[in-house]
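Residue numbers (the working numbering): 25 to 502.
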Ligand code: SAH
Ligand code: SF4
Ligand code: F3S
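Have a look at this one:
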């Protein structure tokens, strides 16, 4: 994911910001009625956090708070935080310094920390950051109205209880700054994998899947309101599993995909993230058989070397991952695949790093989110392995992966010149108000001059005449 405007409502940790491309929000949605109380929210980290902020916004409505994009005008300032890498946490602490200043200028303003860093640090946050009033973990957002009411009376509030059931299935998210065309739907929460480098199982708790009918109902409601694309979100969507309590019938991810695809042929379905070990042929066939399920899979490899993958506890090796890539291209030759890569994991040698480079080459990723390893306290890797690759080596290896990925993205995009794609218009291009931007099924951003009579939410056919490593440039032909 990439965010346009880091001074406004949704900001990501810099590494992600630099590497990720995706949802770009348009203008602010609902404005509160004059005189009512206002909250301001900033979100960091993954799409799950952005989606959670929309759930928080909906819950806060009950407490009489409406959204504002003006930090200085807010009665309640919230920051939805990420712990995935040290840098993400540093960014949050920097923002808290800025909020402290606002609080000094405007006594009575409340500051709340939400999300993964709240969960990781719990009440310690209140000791470390004296001006924080609320600390609320990802499963405790229903408690926000009570906690905010307490904070209004000057009580500090903490709720970091992790649930085995909470999926916020019944909450209709308030689409913050929506472009009115694309939206996220959270389909599961938590993660039961134990990748040794990763903090998510500790900050998000156990994996649980949301009621399939509530997901389809949310997709239908979005379609009726004019949305044309939904992204089904979870840390590991392929392990989605929901049992209908009335019939005992099990819905798996392939079935859920088919159910959401059936909402309307003009509703595009995307999903993220897939764990290589869990994506089944059934899912691939369901994608192939539905035109409106986008031909794009985010399939993080993390490393191309089997020994490192074993230390990471990813439960697959290099050959197994390669056969998964082969299978995807075999079933859907036009599918784009993207990845996440970590360089300089504990004890990684130069030869092992080269195997990551060769994997990027082999898989022909359309793009990757690339990071150097950042040790996270409490994770299996922090407890059992030594973070022994020097920072300059980690960074140099990262740069090599980035350079290779850029070359491959550029090559792949150039191969698209001369082809035409069905593009969903998302809004105006950042560079010029004479151009639309939208994405093709493969999740590539396409920029093309506006044709009178077209608008965001329309599907148009665009012929590509030029490309960079990040974008396709084209002309509308139908
Ligand atoms: N559930 C997803 C990823 C969630 S975190 C999956 O399993 O693929 C997003 C990405 O951040 C990961 O894929 C990984 O590449 C990166 N990441 C996670 N922990 C990290 C760490 N300690 N240091 C560096 N990068 C990390
Ligand atoms: Fe983290 Fe692994 Fe779970 Fe992804 S699958 S969130 S990397 S533990
Ligand atoms: Fe960050 Fe939590 Fe997402 S640690 S990546 S916000 S699940």
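Glycine included, each C-beta is placed from N, C-alpha and C at the ideal position.
In this text, all values refer to a predicted model and were calculated from it rather than measured experimentally.
Residue 409 versus 199, 336, 86, residue with shortest Cα-Cα distance = Counting from 1 along the chain shown, the entry for residue 409 is found at position 385. When only C-alpha atoms are compared, the closest one is 336.
inquiry  = Counting C-beta neighbours from all protein chains within 10 Å, is the total for residue 49 16 or more, i.e. buried, or is it exposed?
reply    = As a first step, residue 49 is located in the chain shown; it is residue number 25 there, counting from the start. The pLDDT assigned to residue 49 is 27, lower than 50, so where the model puts this residue is not dependable, and the model offers no usable value.
request  = Would you please state the rounded distance, in angstroms, between the beta carbons of residue 450 and residue 206? I believe it to be under 8 Å.
outcome  = In the chain shown, the residue the question calls residue 450 occupies position 426. In the chain shown, the residue the question calls residue 206 occupies position 182. Yes, residue 450 and residue 206 are in contact; Cβ-Cβ is about 6 Å, under 8 Å.
ask   = Near residue 51, which residues of its chain fall below 6 Å by C-beta distance, leaving aside the five closest residues on each side in sequence?
value = Counted from its first residue, the chain shown places residue 51 at position 27. Bear in mind that a pLDDT of 28 at residue 51, under 50, signals an unreliable position, so the model cannot answer this.
task = With a cut-off of 6 Å, give the chain-ordered residues whose Cβ is closer than this to any heavy atom of the ligand F3S.
result = Answer in sequence order: 69, 70, 72, 73, 106, 107, 108, 139, 140, 223, 224, 227, 228.
request  = Throw me the rounded Cβ distance for the residue 266 and residue 236 pair, which I believe falls under 8 Å.
outcome  = Taking the first residue of the chain shown as 1, we reach residue 266 at position 242. Taking the first residue of the chain shown as 1, we reach residue 236 at position 212. Yes, residue 266 and residue 236 are in contact; Cβ-Cβ is about 5 Å, under 8 Å.
ask   = In chain order, what residues of the same chain have a beta carbon less than 7 Å from the beta carbon of residue 112, not counting five sequence neighbours either side?
value = Here residue 112 refers to the residue found at position 88 when the chain shown is read from its first residue. Closer than 7 Å at Cβ, skipping near neighbours: 37, 68, 69, 106.
query = Who are residue 201's beta bridge partners in DSSP?
reply = Within the chain shown, residue 201 is the residue found at index 177, counting from 1. For residue 201, which the question treats as bridged, DSSP gives no partner whatsoever.
request  = Mind checking which residues open and close the alpha helix (DSSP H) that includes residue 428?
outcome  = Here residue 428 is taken as the residue at index 404 of the chain shown, counted from 1. That run of the alpha helix (DSSP H) goes 415 to 439.
ask   = Just curious, the alpha helix (DSSP H) that residue 327 is in, first and last residue?
value = The residue you call residue 327 lines up with position 303 of the chain shown. Premise fails: residue 327 is in no alpha helix (DSSP H) and is neither H nor E.
query = Is it right to say residue 347 is buried, meaning 16 or more other beta carbons lie within 10 angstroms of its own, or is it exposed?
reply = In the chain shown, the residue the question calls residue 347 occupies position 323. Looking at its Cβ environment, which holds fewer than 16 other Cβ atoms inside 10 Å, residue 347 is exposed.
key: Distance cut-off 6 Å: residue 322 Cβ against heavy atoms of the ligand SF4   = Residue 322 sits at position 298 when you count from the first residue of the chain shown. Residue 322: no, Cβ never under 6 Å from the ligand SF4.
inquiry  = List, from N- to C-terminal side, the beta strand (DSSP E) runs of 3 residues or more that fit wholly inside the region 77 to 148.
reply    = 89 to 91, 100 to 105, 134 to 139
ask   = Cβ of residue 219 versus every heavy atom of the ligand SF4: is any distance shorter than 6 Å?
value = Within the chain shown, numbered from 1, the residue matching residue 219 stands at position 195. Yes, the beta carbon of residue 219 sits closer than 6 Å to at least one heavy atom of the ligand SF4.
Distance, residue 492 Cα to residue 471 Cα = Here the question's residue 471 lines up with position 447 in the chain shown. Here the question's residue 492 lines up with position 468 in the chain shown. Residue 471 and residue 492 have their C-alpha atoms spaced approximately 11 Å apart.
message = If I follow the unbroken alpha helix (DSSP H) through residue 307, where does it start and stop?
response = As a first step, residue 307 is located in the chain shown; it is residue number 283 there, counting from the start. Secondary structure note for residue 307: its alpha helix (DSSP H) is the uninterrupted segment 305 to 313.
query = Between the region 461 to 475 and the region 226 to 241, do three or more beta carbon pairs fall short of 8 Å?
reply = Judged by Cβ distances under 8 Å, the region 461 to 475 makes no contact with the region 226 to 241, as fewer than three pairs qualify.
request  = Could you tell me if the beta carbon of residue 364 falls within a distance shorter than 6 Å of some heavy atom in the ligand SAH?
outcome  = Taking the chain shown and counting its residues from 1, the one referred to as residue 364 is at position 340. Answer for residue 364: yes, Cβ within range of the ligand SAH.
ask   = Given 8 Å as the limit, is there contact between the region 170 to 183 and the region 245 to 263, that is, 3 or more CB pairs closer than that?
value = no
message = Could you compute how far the alpha carbon of residue 397 sits from the alpha carbon of residue 368?
response = If you number the chain shown from 1, residue 397 lands on position 373. If you number the chain shown from 1, residue 368 lands on position 344. Near 6 Å, if we compare the C-alpha coordinates of residue 368 and residue 397.
inquiry  = Between residue 337 and the ligand SF4, is there a pair consisting of the residue's CB and a ligand heavy atom that are separated by less than 6 Å?
reply    = Position 313 of the chain shown, counted from the start, is the residue given in the question as residue 337. Because no heavy atom of the ligand SF4 lies under 6 Å away, the Cβ of residue 337 does not count as near it: no.
query = Can you find a heavy atom of the ligand SF4 that lies under 6 Å from the Cβ of residue 215?
reply = The sequence position of residue 215 within the chain shown is 191, counting from 1. At least one heavy atom of the ligand SF4 is nearer than 6 Å to the Cβ of residue 215, so yes.
ask   = Excluding the five sequence neighbours on either side, which residues of its own chain have a C-beta within less than 6 Å of the C-beta of residue 490, listed in chain order?
value = The residue you call residue 490 lines up with position 466 of the chain shown. Closer than 6 Å at the Cβ level, and outside the excluded window around residue 490, lie 497.
task = Tell me whether residue 141 is buried or exposed, calling it buried when 16 or more other Cβ atoms sit within 10 Å of its Cβ.
result = Counted from its first residue, the chain shown places residue 141 at position 117. Residue 141 should be labelled buried.
inquiry  = Could you pull the DSSP bridge partners for residue 360 from this structure?
reply    = Residue 360 sits at position 336 when you count from the first residue of the chain shown. Answer by DSSP bridge pairing, in chain order: 320.
ask   = Looking only at its own chain, which residues have a Cβ that is under 6 Å from the Cβ of residue 192, when we skip the five neighbours before and after it?
value = Position 168 of the chain shown, counted from the first residue, corresponds to residue 192. Result list for residue 192: 79, in chain order.
ask   = Should residue 259 be listed as close to the ligand SF4, given that the test is whether its C-beta is under 6 Å from any heavy atom?
value = Reading the chain shown from its first residue, position 235 is the one you call residue 259. Checking every heavy atom of the ligand SF4 against the Cβ of residue 259, one is found closer than 6 Å.
inquiry  = My output table needs one value for residue 473: the three-state DSSP class, helix, strand or coil.
reply    = Residue mapping note: residue 473 aligns to position 449 of the chain shown, counting from 1. Correct three-state label for residue 473: strand.
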